[in-house]
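Enquirer: Quick one: the structure is below, questions incoming.
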DNA sequence: TCTGGGGTCCTAGGACCC
DNA sequence: TCTGGGGTCCTAGGACCC
């Protein structure tokens with residue numbers, strides 16, 4: 005038995021937490037650069053504001069309907085997420101944090117839960133809400149896919165009061181019959197389209213398909229989904245593994261054409277990615293640099309550029325990664341492009357205790373390595389000790405990143421809320 | 001004018017091995 | 001004139017997730 009706990013309109017709920025004046029008001033949260041709508045409170049959904057719609061298309065509508073609009077405040081959401089997750093960990097021994105606002109609980113060998121699933125679901129929901137102020141839906145099923153389906157039902161049907169325990173076969177069947185196949189976890193736009201063409205429109209129709217046939221047409225992944233819908237577990241609770249790929253990228257607030265500006269952006273991303281790499285005690289052997297103009301603008305040709313650099317020996321040294329990024333960008337840069345986005349990707353990742361040394365390298369010298377590591381450790385320590393400036397620039401950085409304060413193209417977050425829980429000067433004062 | 005960012009897994013095909 | 005069978009590793013592309 006699995007439970008899926010999913011926070012309701014998570015980002016929007018976080019913004020409401022410290023703004024009681026917004027309690028029953030529509031709230032939306034925008035993506036980076038205030039580009040798209042990425043979260044809507046239930047009042048905003050009721051107004052018909054769609055997910056992922058570009059903000060400029062609904063800006064006037066929001067103003068007319070007194071919708072409170074916020075830029076993404078990632079520091080706030082990450083902190084609230086941690087509170088929700090640690091509350092869940094106090095309620096179940098086996099928790100898989102699946103995303104910033106979702107977690108699976110494994111219940112089968114937890115007698116407290118198994119004894120009375122409804123009572124347990126109720127308890128989880130109310131304790132999380134009491135401890136964090138975030139409302140959640142609790143779905144329980146025989147497999148992860150069924151738990152997901154149950155959770156979907158809690159959002160879709162108010163009568164569930166946020167709790168759905170799928171144990172009665174007749175109910176499971178009924179729910180599947182009235183649910184679109186596109187709502188199943190693992191069925192995206194493409195698969196939905198292809199399934200529809202085969203006459204499969206509801207979840208139930210997918211569930212009664214022959215798994216072998218599904219495998220033939222769609223591969224082993226959807227076959228597993230099909231089996232899971234029938235109560236046969238194919239997916240386990242997963243533990244947290246180091247990332248196999250690390251990306252740092254961002255759109256610019258204005259278009260960039262100069263190589264100097266693009267170099268600064270790319271260097272900053274290389275530096276950011278290097279930091280993430282060290283946090284998981286890894287090294288990488290490949291860095292990919294990429295940049296592109298807007299894919300939406302029909303008056304200019306979509307022109308993505310990218311290139312790679314392979315290291316002889318894996319590294320997590322910011323200086324080496326930034327240097328490599330510069331070398332790559334130098335090679336791939338094209339003039340007369342209005343760049344809208346750039347970034348880097350690190351791959352060929354290994355843990356630092358399992359490094360494959362370069363047979364021909366002349367500089368395999370443990371002392372040099374130790375020095376590099378020590379330097380990076382000091383850099384990370386200083387940067388965590390002293391808060392970044394209001395442009396998010398750390399106290400210690402590589403000169404080629406440039407000074408953020410002077411960079412016109414830095415992401416815009418015009419509607420940012422305070423960091424209520426993570427910045428001392430933003431903490432609410434009660435007088 | 002204005003459209004996010006960060007991940008995973010699977011498959012097919014090519015290069016290569018014995 | 002005739003040229004096998006079985007395997008691994010890597011990469012790019014396609015699908016999915018939040």
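In the numbering used here, the protein residues as written are 5 to 435.
Built from N, CA and C at the ideal position, the CB exists for glycine as well.
No experiment lies behind these values; they were computed from the predicted model shown.
Tell me the residue span of the beta strand (DSSP E) that contains residue 10.
Expert: 6 to 11
Enquirer: By a C-beta neighbour count over all protein chains shown, 10 Å radius and 16 as the cutoff for buried, is residue 184 buried or exposed?
Expert: exposed
Enquirer: Whose C-beta lies closer than 6 Å to the C-beta of residue 146 among residues of the same chain, with five residues either side of it excluded?
Expert: 235
Enquirer: Which partner residues does residue 294 have in the DSSP bridge list?
Expert: 310, 347
Enquirer: Which residues in the same chain as residue 418 place their Cβ atom closer than 8 Å to its Cβ, once the five residues preceding and following it in sequence are excluded?
Expert: 38, 75
Enquirer: Since residue 143 contacts residue 152 with CB under 8 Å, what's their CB separation in whole angstroms?
Expert: 7 Å
Enquirer: Tell me whether the beta-carbon of residue 192 lies closer than 9 Å to the beta-carbon of residue 149.
Expert: In terms of Cβ geometry, residue 192 and residue 149 do not form a close pair [threshold 9 Å].
Enquirer: Tell me which residue opens and which closes the alpha helix (DSSP H) that residue 40 is part of.
Expert: Residue 40 -> no alpha helix (DSSP H), and no H or E assigned at all.
Enquirer: Which term fits residue 297, buried or exposed, when burial requires 16 or more other beta carbons within 10 angstroms of its beta carbon?
Expert: buried
Enquirer: Residue 228: buried (16+ other C-beta within 10 angstroms of its C-beta) or exposed?
Expert: Buried, because 16 or more other Cβ atoms sit within 10 Å of the Cβ of residue 228.
Enquirer: Can you round the beta-carbon distance between residue 290 and residue 352 to whole angstroms, since I take them to be within the 8 Å contact cut?
Expert: About 4 Å; that satisfies the 8 Å criterion.
Enquirer: Can you tell which of 91, 172, 282, 344 has its C-alpha closest to the C-alpha of residue 318?
Expert: 282
Enquirer: Judging by CA-CA distance, which residue of 409, 404, 379 is the nearest neighbour of residue 392?
Expert: 409
Enquirer: Return the chain-ordered list of same chain residues with a C-beta closer than 7 Å to the C-beta of residue 406, the five sequence neighbours on each side being excluded.
Expert: 268
Enquirer: Look up residue 318 in the DSSP assignment and say whether it is helix, strand or coil.
Expert: strand
Enquirer: Along the chain, where does the beta strand (DSSP E) containing residue 23 start, and where does it finish?
Expert: That residue, residue 23, is in no beta strand (DSSP E); it is neither H nor E in DSSP.
Enquirer: Look at the Cβ atom of residue 156, then the Cβ atom of residue 81, and state whether they are nearer than 9 Å.
Expert: no
Enquirer: Between residue 137 and the rest of its own chain, which residues show a CB-CB distance below 7 Å, the 5 nearest in sequence each way excluded?
Expert: 21
Enquirer: Pick from 231, 205, 207: whose alpha carbon is nearest that of residue 217?
Expert: 231
Enquirer: How many Å lie between residue 325 and residue 357 at the Cα?
Expert: If I take the Cα positions, the gap works out to 19 Å.
Enquirer: Take residue 211 and list the residues in its own chain whose beta-carbon comes closer than 8 Å to its own, dropping the five residues that flank it on each side.
Expert: 180, 230, 233, 234
Enquirer: In the DSSP output, which residue or residues are listed as bridge partners for residue 222?
Expert: Looking at the DSSP assignment, residue 222 forms no beta bridge with any residue, so it has no partner.
Enquirer: What is the DSSP secondary structure of residue 154, counted as helix, strand or coil?
Expert: helix
Enquirer: Less than 9 Å between the beta carbons of residue 33 and residue 19, yes or no?
Expert: yes
Enquirer: Tell me the rounded alpha-carbon separation between residue 121 and residue 7.
Expert: 10 Å
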